[in-house]
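K.L.:
Residue numbers (this note's numbering): 13 to 227.
We put the CB at the ideal spot given by N, CA and C, even for glycine.
Since this is a predicted model, take the numbers as computed values, not measurements.
Would you mind keeping the following structure in view while I ask a few things?
Listed below in structure tokens is the structure:
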């Protein structure tokens, strides 16, 4: 356990207070007080680095903080999260590697993260940002595969909505259009005929985009 500094600065105290996330802050996506990190002492920077690096799993706020701390240990810990985590923190960390350039290795890792994603982890929206910027054939194939057979029903529905948004058939993946929503719901239907019809409907939409993915 990391001990606090003997005489903490106001900036350190502000940052530590911002780390106490209540329900409202969680719901609103309120970040830590990253600006405070520019005012802390070197000792405090090292202490915060140690504390955050000791976490077994990072969330996206932790990743942002470690980036801002920018010590070698902090940046290395972000890299570990990018490699091993598939939740919101892991995808936030993975953004750093995507920003360095889209390569076959990055694409393969991204597809693996798509395959392993679960709802309620904060990962979906961040994954969609990457997919929207890199809608390669392999990425589109995995998105469609998730919409068809992912084990998480929420992910199936969400992937279907995102594919419709990506191909220009809806303005938002959160659509409640009465002509569309039943098809998305039927991606999870226990009735095989309804399920097959929903998959065929979505496949036809994606194959005939109203705009090119990534446009």
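By how many angstroms is the C-alpha of residue 206 removed from the C-alpha of residue 112?
P.N.:
Those two C-alpha atoms are separated by around 43 angstroms.
K.L.:
Please classify residue 218: is it buried, with 16 or more other beta-carbons within 10 angstroms of its beta-carbon, or exposed?
P.N.:
The residue in question, residue 218, is buried, as its Cβ has 16 or more Cβ neighbours within 10 Å.
K.L.:
I think residue 73 touches residue 116, with their Cβ atoms under 8 angstroms apart; what is that distance to the nearest whole Å?
P.N.:
So it is not a contact: roughly 31 angstroms between Cβ atoms.
K.L.:
Measuring straight from C-alpha to C-alpha, what distance separates residue 196 and residue 169?
P.N.:
Straight-line Cα distance between these residues: approximately 5 angstroms.
K.L.:
Among residues of its own chain, excluding the 5 on either side of residue 57, which ones have a beta-carbon nearer than 8 angstroms to its beta-carbon?
P.N.:
Here the set comprises 49, 81, 83.
K.L.:
Mapping DSSP to helix, strand and coil, what is residue 114?
P.N.:
Coil, per DSSP.
K.L.:
How long is the line joining the alpha carbons of residue 30 and residue 45, rounded to whole angstroms?
P.N.:
When rounded, the distance between both Cα atoms is 6 angstroms.
K.L.:
Please state whether the Cβ-Cβ distance between residue 172 and residue 136 is less than 7 angstroms.
P.N.:
Against a cut-off of 7 angstroms, the Cβ pair of residue 136 and residue 172 comes out as no contact.
K.L.:
Among 25, 142, 70, 180, which has the Cα closest to the Cα of residue 53?
P.N.:
Closest by alpha carbon: 25.
K.L.:
What are the boundary residues of the alpha helix (DSSP H) that residue 35 is part of?
P.N.:
Unbroken alpha helix (DSSP H) run through residue 35: 35–40.
K.L.:
Just how far apart, CA to CA, sit residue 148 and residue 41?
P.N.:
Each residue's Cα considered, the two are about 30 angstroms apart.
K.L.:
I believe residue 175 touches residue 159 by the beta-carbon criterion, under 8 angstroms. Please report the beta-carbon distance rounded to the nearest angstrom.
P.N.:
That belief holds up - the Cβ atoms of residue 175 and residue 159 are roughly 6 angstroms apart, short of 8 angstroms.
K.L.:
Would a C-beta distance cut-off of 7 angstroms place residue 98 and residue 129 closer than the cut-off?
P.N.:
Yes. Within cutoff.
K.L.:
State buried or exposed for residue 125, treating a residue as buried only when at least 16 other CB atoms are found within 10 Å of its CB.
P.N.:
The residue in question, residue 125, is buried, as its Cβ has 16 or more Cβ neighbours within 10 Å.
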